[in-house]
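**Student:**
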Amino acid sequence: MASRTENDQAGEYRINDLARESGIPVRNIRLYQERRILPPPVRRGRVGWYSEAHLARLRLIARLLDRGYSLAHIGELISAWERGRDLADVLGLEAALTSPWSEEPQTVISAGDLQRMFGKQEERGTLDRAISSGMLRPDGTRFRVASPQLLDIAVQLVQAGYPLSVVLKLAEDSMHDIERVAERYVSLVKATITPSLSPGDSHGTDEPAEIDDPAAAAALVQSLRPLARKSVDAMLAMAMENAVNQVLGDAVSALAKETRES
1 MASRTENDQA GEYRINDLAR ESGIPVRNIR LYQERRILPP PVRRGRVGWY
51 SEAHLARLRL IARLLDRGYS LAHIGELISA WERGRDLADV LGLEAALTSP
101 WSEEPQTVIS AGDLQRMFGK QEERGTLDRA ISSGMLRPDG TRFRVASPQL
151 LDIAVQLVQA GYPLSVVLKL AEDSMHDIER VAERYVSLVK ATITPSLSPG
201 DSHGTDEPAE IDDPAAAAAL VQSLRPLARK SVDAMLAMAM ENAVNQVLGD
251 AVSALAKETR ES
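Residue numbers for the sequence shown, in the UniProt record's numbering: 1 to 262.
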């Protein structure tokens, strides 16, 4: 089996490496090429090289399959999208849309690891909740951690004395809230690459102008990444300050009332 070497260029994959990186079997990759929903690799000598754009296309295909689309439907969608446009630009937009937003390294842990982290609080019910929320994903007999940083925060909160069930509820509720924020930001991009307005109806509205150029749309998505992170950090800091001040104010008022009454 071919493996990556120091001579392999960054961002390029042989087919076995592409299969490992995407989680899609080699036979499926070859099938997608036969169906022409995955572009062929670049040939250098006898070796076919795949790029990050191919990896993005595989992720897009996997997501569409998960949503119930058939390969025939996916082929029609991709064909319609590519028609009249430069393939490299289209794949660049796919890469911007489907590449992971988090730079955290992938971590796989065992049930024993969870037991050591959370002790007797790690029970089947809490494990099921962590899986259903997406925080943990079964990987054979082990578990893939969606965010090692969040797992570490959960461990620290439990060590500080908070019950694991309370920590999980906090994580679930917070994820629900942040998903609503993410949807608002994504709607900015959606309005430009899949505009709902009819031609000529955009005048006098607050809707962003349609971007018909995939390369420009990809640049828009890339620019959104750091802006979304910074804005969420800033707004969370403001909200936490307001909430803490409110709690402290209520506590001081209660203490002053007690003092007056005693």
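Built from N, CA and C at the ideal position, the CB exists for glycine as well.
Just so you know, these numbers come straight off a predicted model, no measurement behind them.
(1) Report yes if the C-beta distance between Phe118 and Leu157 is below 8 Å; otherwise report no.
(2) Return the chain-ordered list of same chain residues with a C-beta closer than 8 Å to the C-beta of Pro148, the five sequence neighbours on each side being excluded.
(3) What does the Cβ neighbour count give for Val166, buried or exposed, with the cut at 16 atoms within 10 Å?
(4) Please look up how many angstroms separate the CB atoms of Ile78 and Ile24, rounded, as I've assumed it's under 8 Å.
(5) Along the chain, where does the beta strand (DSSP E) containing residue 266 start, and where does it finish?
(6) Where does the unbroken alpha helix (DSSP H) through Arg142 begin, and where does it stop?
(7) So Ser51 is in the beta strand (DSSP E); what residue range does that whole segment cover?
(8) Relative to the C-alpha of Arg35, which residue among Met175, Ala219, Ser70 is closest?
(9) For a test of the three-state rule: what should DSSP assign to Arg57, helix, strand or coil?
(10) Tell me, which residues are paired with residue 268 by DSSP?
(11) Return helix, strand or coil for Pro195, following the three-state DSSP convention.
(12) In the DSSP assignment, what are the bridge partners of Val42?
(13) Any idea what DSSP makes of Tyr162, helix, strand or coil?
(14) What's the gap between the Cα of His54 and the Cα of Ser231?
(15) Sort Asn28, Pro41, Arg30 by Cα distance to Glu12 and report the nearest one.
(16) Could you pull the start and end residues of the alpha helix (DSSP H) that Arg27 belongs to?
(17) Which of helix, strand or coil does DSSP assign to Tyr185?
(18) Work out the CA separation of Leu136 and Leu248 for me, nearest whole Å.
(19) Give me the Cβ distance between Ala171 and Ser132, rounded to the nearest whole Å; I'm assuming they're in contact under 8 Å.
(20) For Tyr69, which residues does DSSP report across the bridge?
(21) Tell me which same chain residues have a C-beta within less than 7 Å of the C-beta of Ile109, skipping the five on either side of it?
(22) What do you get for Ser223, buried or exposed, if any count of 16 or more other CB atoms within 10 angstroms of its CB means buried?
(23) Within 10 Å of its beta-carbon, does Ser174 have 16 or more other beta-carbons around it, so buried, or fewer, so exposed?
(24) Please determine whether the Cβ atom of Ile29 lies at a distance below 7 Å from any heavy atom of the ligand COA.
(25) Using the Cβ count rule (16 or more neighbours within 10 Å means buried), how would you classify Leu151?
(26) Rounded to the nearest angstrom, how far is the Cβ of Leu168 from that of Arg129, given a contact under 8 Å?
**Tutor:** Let's see:
(1) no
(2) Excluding positions up to five away in sequence, the list reads Glu104, Pro105, Thr107.
(3) exposed
(4) Actually they do not touch by this definition, with Cβ atoms about 16 Å apart.
(5) This structure cannot speak to residue 266, because the chain is shown only from 1 to 262.
(6) Segment 142 to 145 is the beta strand (DSSP E) holding Arg142; no alpha helix (DSSP H) there.
(7) Ser51: member of the beta strand (DSSP E) spanning 47 to 51, first to last residue.
(8) Ser70
(9) Looking at Arg57 - three-state DSSP - the assignment turns out to be helix.
(10) There is no way to answer for residue 268, as the model of the chain reaches only from 1 to 262.
(11) Bear in mind that the predicted position of Pro195 carries a pLDDT of just 43, short of 50, making it unreliable; the figure below should be weighed with that in mind. Coil, per DSSP.
(12) Trp49.
(13) coil
(14) Approximately 31 Å, taken between the alpha carbons.
(15) Pro41
(16) 26 to 34
(17) helix
(18) Looking at the two C-alpha atoms, the distance is approximately 36 Å.
(19) Between Ala171 and Ser132, the beta carbon gap of about 12 Å keeps them out of contact (Cβ cut-off 8 Å).
(20) Answer by DSSP bridge pairing: none, since Tyr69 is not bridged.
(21) Arg142, Phe143, Val145
(22) exposed
(23) exposed
(24) Here there are no bound small molecules, and the ligand COA is not part of this structure.
(25) Under this definition Leu151 is a buried residue.
(26) 5 Å
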